[in-house]
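Asker: There's a structure below that I have some questions on.
Chains as they are written, first to last, in the working numbering: chain A, 21 to 116; chain B, 11 to 490.
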């Protein structure tokens with residue numbers, strides 16, 4: 021069983037706010053699922069290479085050139101953000 | 011004539027022969043939606059006005075005698091995780107409740123270029139995470155065959171809309187079974203193409219190495235038409251590929267169908283089993299050869315999937331941070347009073363649903379220091395073994411036939427309290443996503459009023475093979 025401390029640690033890594041009640045529920049749910057996926061450990065994979073893409077494509081290249089977008093399109097995209105200034109997305113300072 | 015019951019080629023013929031206009035066709039669907047939608051709730055957003063405007067343009071084209079593409083004027087619904095410029099795109103989540111898509115997905119551009127008419131955006135499990143449709147933030151879609159039951163997920167609204175004749179066809183997305191499961195539960199045809207056959211540009215990402223867009227339709231023939239329209243290489247999706255050249259001529263008497271013994275296990279509903287057996291018999295009568303095969307790592311597919319998928323979900327969904335777009339506590343009255351960390355924590359706490367948060371947590375855990383190798387890396391290696399199982403099997407057979415799900419549609423609320431039981435709904439579908447293979451769910455009968463589908467699995471980029479086999483089965487099935 022995962023401890024409350026572990027659950028709180030993962031939640032912080034995931035930048036996910038959790039209430040106290042939810043931490044308890046996550047403890048239970050995550051432990052059950054982890055228990056289920058545990059059975060993967062019995063598979064011998066010593067000589068096996070990992071797969072991250074089913075057909076192992078390599079180095080798909082394209083020209084390193086920006087696509088030109090209209091100013092309207094750009095402002096449309098910027099407008100989706102909650103805080104803006106002079107055509108830029110405004111973010112919080114990381115260090116306060 | 012009931013216009014909402016027509017297939018794509020019937021619509022095409024009807025429009026060309028001026029038996030009905032595109033506007034009449036769209037109105038017939040809108041009336042049907044007006045009647046059925048209250049019960050079924052397949053839509054998140056309706057776009058009646060633009061649909062009528064589009065239909066008028068198609069009628070004008072026909073009037074002028076210009077060539078009408080096969081899909082011209084055909085009314086469709088699009089799963090709400092695929093971007094349609096100017097329409098709201100929520101992915102079934104509160105965090106995108108007011109997000110208006112700023113551009114068209116690749117598949118939408120393709121459909122629009124043929125003159126497809128978009129009636130609206132379909133309900134779905136939040137971020138395509140779920141097997142029942144119950145995890146949508148915008149209400150539960152109901153199964154048109156039994157309103158007490160789920161339509162299957164995550165493309166719940168797409169399957170229900172086609173089944174209830176509220177659209178001629180739909181687009182869905184499939185990460186672990188999200189097209190095939192609802193297709194089976196709702197009695198429609200649903201295909202997940204080979205990974206890379208269809209561009210994912212403009213699809214809201216869930217698990218990028220598994221996601222694929224595909225069609226949900228009334229018939230296999232319609233499915234092929236839509237697939238042909240949306241497939242293709244796109245420079246904006248580097249994992250999309252130019253499909254290899256077409257196959258040799260298909261003949262059912264040359265077809266070898268494999269039955270993986272690991273898929274015909276205890277725990278399958280006996281009536282589902284019976285319908286699958288009848289389907290196998292039908293293929294035999296039609297001249298196909300049936301052979302037992304083995305996919306020895308089958309029992310590891312679901313745990314492998316749950317590690318890889320949650321890992322990718324946790325990184326893909328990191329973008330919903332309350333800064334760039336979507337719901338943010340920074341939009342409220344108390345903005346500017348939060349620290350950066352608070353913006354992240356609270357936005358995601360309020361904006362994301364329970365199951366999504368559970369999977370982000372699990373994905374973060376399996377990727378975290380100290381667990382990465384034991385879980386994530388091990389899962390990637392088992393993924394190789396699962397893919398190799400299929401490779402070996404396909405040396406002996408051309409296609410593989412399995413059930414889609416161990417049971418027909420279950421009751422609303424039946425599995426929602428226990429995540430693990432819900433996950434088991436996908437036991438026969440997830441392997442294909444891990445191996446990148448194409449799979450199609452085709453109706454093969456009913457238990458009472460509940461439809462059941464079977465699954466055909468093809469070799470990579472050989473969608474044509476499973477579609478041809480499906481068409482032959484379908485013709486024989488409806489002649490009964």
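Don't be surprised by glycine CBs; every beta carbon is placed ideally from N, CA and C.
Would you mind reading off the limits of the alpha helix (DSSP H) that contains residue 322 of chain B?
Answerer: 311-326
Asker: Is the separation between the beta-carbon of residue 375 of chain B and that of residue 60 of chain A shorter than 7 Å?
Answerer: no
Asker: For the beta strand (DSSP E) containing residue 53 of chain B, name the first residue and the last one.
Answerer: 53-56
Asker: Take residue 46 of chain B and list the residues in its own chain whose beta-carbon comes closer than 7 Å to its own, dropping the five residues that flank it on each side.
Answerer: Closer than 7 Å at Cβ, skipping near neighbours: 174 and 176.
Asker: By the criterion of Cβ-Cβ separation under 7 Å, what are the contact partners of residue 49 of chain A in chain B?
Answerer: 368 and 429
Asker: Mind checking residue 68 of chain B: buried by the 16 CB within 10 Å criterion, or exposed?
Answerer: buried
Asker: For residue 82 of chain A, which residues in chain D fall below 8 Å Cβ to Cβ?
Answerer: The structure shown contains no chain D; its protein chains are A and B.
Asker: Tell me whether residue 347 of chain B is buried or exposed, calling it buried when 16 or more other Cβ atoms sit within 10 Å of its Cβ.
Answerer: exposed
Asker: At the level of alpha carbons, what is the spacing between residue 349 of chain B and residue 111 of chain A?
Answerer: 10 Å
Asker: In or out: residue 153 of chain B buried (at least 16 other Cβ within 10 Å) or exposed?
Answerer: buried
Asker: With DSSP collapsed to three states, give me the class of residue 120 of chain B.
Answerer: Per DSSP, reduced to three states, the secondary structure at residue 120 of chain B is helical.
Asker: Of all the CB atoms in chain B, is at least one closer than 7 Å to the CB of residue 30 of chain A?
Answerer: yes
Asker: Does the contact criterion of 3 or more C-beta pairs under 8 Å hold for the stretch 157-176 of chain B versus the stretch 388-398 of chain B?
Answerer: no
Asker: Find the residues of chain A that neighbour residue 210 of chain B, judging by a C-beta separation of less than 7 Å, and give them in chain order.
Answerer: Chain A residues near residue 210 of chain B: none, gap ~13 Å exceeds 7 Å.
Asker: According to DSSP, what are the bridge partners of residue 244 of chain B?
Answerer: Residue 244 of chain B has B/247 as its beta-bridge partners, per DSSP.
Asker: Could you tell me the distance, in whole angstroms, from the CA atom of residue 383 of chain B to the CA atom of residue 94 of chain A?
Answerer: 41 Å
Asker: Please tell me whether residue 229 of chain B has its Cβ less than 7 Å away from any Cβ of chain A.
Answerer: no
Asker: Spell out whether any CB of chain A is found under 7 Å from the CB atom of residue 381 of chain B.
Answerer: no
Asker: Could you tell me whether the stretch 77-95 of chain B touches the stretch 19-32 of chain B, using the rule of 3 or more Cβ pairs below 8 Å?
Answerer: yes
Asker: Quick check: is any heavy atom of the ligand SAH less than 6 Å from the C-beta of residue 81 of chain B?
Answerer: The ligand SAH is not among the ligands present in this structure, which contains no ligands whatsoever.
Asker: Please classify residue 255 of chain B: is it buried, with 16 or more other beta-carbons within 10 angstroms of its beta-carbon, or exposed?
Answerer: exposed
Asker: Hey, quick one: how far does the beta strand (DSSP E) through residue 130 of chain B stretch, first residue to last?
Answerer: 127-132
Asker: Identify which residue in B/271, B/178, B/169 and B/296 has its Cα closest to the Cα of residue 489 of chain B.
Answerer: B/296
Asker: Checking 7 Å against the spacing of the C-beta atoms, do residue 208 of chain B and residue 223 of chain B come in under that value?
Answerer: yes
Asker: Give, in chain order, every residue of the stretch 92-113 of chain A whose Cβ lies closer than 8 Å to some Cβ of chain B.
Answerer: Correct list: 93, 96, 97, 100, 101, 102, 103, 109, 111, 112 and 113.
Asker: Would you say residue 201 of chain B reaches chain A, if we count a Cβ-Cβ gap shorter than 7 Å as a contact?
Answerer: no
Asker: How would you list, in chain order, the residues of chain B whose beta-carbon sits under 9 Å from the beta-carbon of residue 46 of chain A?
Answerer: 367, 368 and 371
Asker: Thinking just about the alpha-carbon of each residue, which of B/324, B/164 and B/411 is nearest to the one in residue 438 of chain B?
Answerer: B/411
Asker: Taking just the CA atoms, how far does residue 264 of chain B sit from residue 103 of chain B?
Answerer: 47 Å
Asker: Taking residue 69 of chain A as the query, report the chain B residues whose CB atoms sit under 8 Å from its CB, ordered along the chain.
Answerer: 391 and 394
Asker: Would you call the stretch 117-136 of chain B and the stretch 88-97 of chain B in contact, with 3 or more CB pairs under 8 Å?
Answerer: yes
Asker: Give me the DSSP bridge partner(s) of residue 105 of chain A.
Answerer: A/108
Asker: Taking the C-alpha atoms as reference points, what is the distance between residue 343 of chain B and residue 371 of chain B?
Answerer: 30 Å
Asker: Are the C-beta atoms of residue 59 of chain A and some chain B residue less than 7 Å apart?
Answerer: Closer than 7 Å to some Cβ of chain B, the Cβ of residue 59 of chain A qualifies, so yes.
Asker: Can you find a C-beta in chain B that's less than 7 Å from the C-beta of residue 52 of chain A?
Answerer: Chain B contact via Cβ: present.
Asker: Please classify residue 79 of chain A: does DSSP put it in a helix, a strand, or coil?
Answerer: coil
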